[in-house]
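A short worksheet on the structure shown next.
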Amino acid sequence: MIDKWALNGENFLWRVPYGGRSAPVVMGNHLYVQNPSGRGADEQERVMCLDPDSGKVIWEYKFNLFQSDAPAHRVGWASPAVDPETGNVYALSIAAQLVALSKDGKYLWDRSFGEEWGAFTTHGGRTMSPIIDGDLVIVSHAVSNWGAHGNRAHRFIAVNKRTGEIVWVSNPGGRPYDTAYAAPAIAKINGLKLLGRRRRLRAQAADRRESLGRGDRQTRHQHRCGGKRQHGNRVARRREPRLKRDGDGGGDRRSAEG
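Sequential numbering from 358 applies to the sequence shown in the working numbering.
Here is the structure:
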């Protein structure tokens with residue numbers, strides 16, 4: 358960590374005109390960023406790969422926006438996820454399209470949850486950054502489909518990271534207040550890998566759709582989550598007030614801390 362900083366100062370390295378709303382991701386000697394490209398009717402969403410030492414563009418991949426009414430200035434809300442095993446890059450667009458790219462920027466596969474699952478993207482364009490766990494890429498959206506998934510609800514969707522095939526769909530919550538954009542956290546507690554949900558603090562097995570417990574703390578803005586931390590068998594989620602859930606099923610513990 359640097360202890361001082363000045364624009365164009367002694368520790369300034371480079372600057373490029375490729376900013377966006379999301380945070381960049383660094384893996385090895387590649388820096389990845391997701392942002393808008395073009396203007397008006399020609400605007401697209403884009404994943405870029407840059408050299409972290411020079412800022413030079415190594416490659417970029419653009420994809421169209423559809424099935425969403427999100428405004429132009431919200432394009433590129435989520436950050437891409439990079440798989441340390443394969444080097445593949447996964448991006449979720451504001452139109453709920455999950456795109457998989459190789460380390461060299463070549464198209465591998467995509468899933469359009471707007472078309473397949475009627476994803477509710479909202480005017481704000483808020484989108485969850487994908488997470489990777491083993492062979493799974495996991496995303497979340499307010500979606501509805503047919504049969505058992507006919508009701509609109511917040512669902513986790515896990516797909517095979519190599520093929521894009523859906524592995525499981527989980528419905529741990531009820532009808533959504535709004536879209537969600539905080540990524541879930543995965544923690545290993547008492548030998549069981551759990552995936553924690555926001556808005557209502559819920560736990561489910563990370564490798565399947567089984568729900569294992571819940572701790573309600575539901576408000577209008579619980580789709581905004583400041584992050585989760587694991588301490589032994591406890592998972593703490595920062596929100597007002599702070600809510601903790603015992604991993605052994607001991608229940609909720611609340612304090613007035615922020």
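Even glycine gets a Cβ: it sits at the ideal position worked out from N, Cα and C.
Since this is a predicted model, take the numbers as computed values, not measurements.
Problem set entry | Rounded distance between the beta-carbons of Val373 and Pro437, thought under 8 Å | The pair is not a contact, with the Cβ atoms about 17 Å apart (cut-off 8 Å).
For this session: Measure the beta-carbon distance from Glu402 to Val432 and round it to whole angstroms, keeping in mind my assumption that it falls under 8 Å.
Result: About 5 Å separates the beta carbons of Glu402 and Val432, which is inside the 8 Å limit, making them a contact pair.
For this session: Mind checking who Lys419 pairs with in its DSSP beta bridge?
Result: For Lys419, which the question treats as bridged, DSSP gives the partners Arg403.
Exercise. Are the Cβ atoms of Trp474 and Ser501 separated by less than 9 Å?
Worked result: A contact, by the Cβ cut-off of 9 Å.
Problem set entry | Bridge-paired residues (DSSP) for Asp467 | DSSP, once it has assigned bridges, lists Val456 as partnering Asp467.
For this session: Could you tell me the distance, in whole angstroms, from the CA atom of Arg468 to the CA atom of Ile359?
Result: Distance between the alpha carbons of Arg468 and Ile359: 40 Å.
Exercise. Around the Cβ of His511, are there at least 16 other Cβ atoms within 10 angstroms (buried) or fewer (exposed)?
Worked result: Around the beta carbon of His511, 16 or more other beta carbons sit within 10 angstroms, so the residue counts as buried.
Exercise. Among Ala429, Gly385, Arg509, which has the Cα closest to the Cα of Ala398?
Worked result: Of all alpha-carbon atoms in Ala429, Gly385, Arg509, the one lying nearest the alpha-carbon of Ala398 is that of Ala429.
For this session: Flag this pair as yes or no: are the beta carbons of Phe477 and Arg509 separated by less than 9 Å?
Result: Taking C-beta atoms as the reference points, Phe477 and Arg509 count as a pair closer than 9 Å.
Problem set entry | Contacting residues, own chain, Cβ-Cβ under 7 Å from Gly395 (five flanking each side not counted) | Excluding positions up to five away in sequence, the list reads Gln401.
For this session: Could you pull the start and end residues of the beta strand (DSSP E) that Asn517 belongs to?
Result: Per DSSP, the continuous beta strand (DSSP E) segment holding Asn517 begins and ends at 510-517.
Exercise. Quick one: what's got a C-beta closer than 7 Å to Leu458's C-beta in the same chain, skipping five residues either side?
Worked result: Only Val404, Tyr418, Asn445, Val446, Tyr464, Leu465 meet the Cβ criterion.
For this session: Assign Ala499 to one of three DSSP states: helix, strand, or coil.
Result: Of the three classes helix, strand and coil, the one that applies to Ala499 here is strand, per DSSP.
Problem set entry | Beta-carbon proximity check, Gly482 vs Ala427, cutoff 9 Å | With respect to Ala427, Gly482 sits close: the two C-beta atoms are nearer than 9 Å.
For this session: Kindly indicate which residue of Ala380, Tyr375, Cys406 has the alpha-carbon position closest to the one of Asn386.
Result: Residue Cys406 is the option with its Cα nearest to Asn386.
Exercise. CA-CA distance, Pro529 and Ala453?
Worked result: Those two C-alpha atoms are separated by around 20 Å.
Problem set entry | For Met384, the nearest candidate out of Lys460, Asn421, Ile451, Lys550 (CA to CA) | Residue Lys460 is the option with its Cα nearest to Met384.
For this session: Under the assumption that Phe420 contacts Val456 (Cβ atoms under 8 Å), give the Cβ distance between them as a whole number of angstroms.
Result: Cβ atoms of Phe420 and Val456 come within 8 Å of each other, at about 6 Å.
For this session: Specify the secondary structure class of Arg581 as computed by DSSP and reduced to three states.
Result: Residue placement at Arg581 cannot be trusted, given a pLDDT of 46 that sits under 50; what the coordinates show is reported in the next sentence. Coil.
Problem set entry | Euclidean distance between Cα positions of His580 and Leu364 | Only weak support is given to the placement of His580: the predicted model assigns it a pLDDT of 43, under 50, and the question is left unresolved by the model.
Problem set entry | Sequence-distant residues of the same chain with beta carbon closer than 7 Å to Val414, five excluded per side | Contacts found: Met405, Leu407.
Exercise. Within this structure, are the beta carbons of Ile523 and Thr484 separated by less than 9 Å?
Worked result: The answer is no: Cβ separation not under 9 Å.
Problem set entry | Through-space distance from Pro441 to Asn517, alpha-carbon basis | Distance between the alpha carbons of Asn517 and Pro441 is about 15 Å.
Problem set entry | Backbone CA spacing between Ser486 and Tyr389 [nearest angstrom] | Ser486 and Tyr389: Cα-Cα distance of roughly 13 Å.
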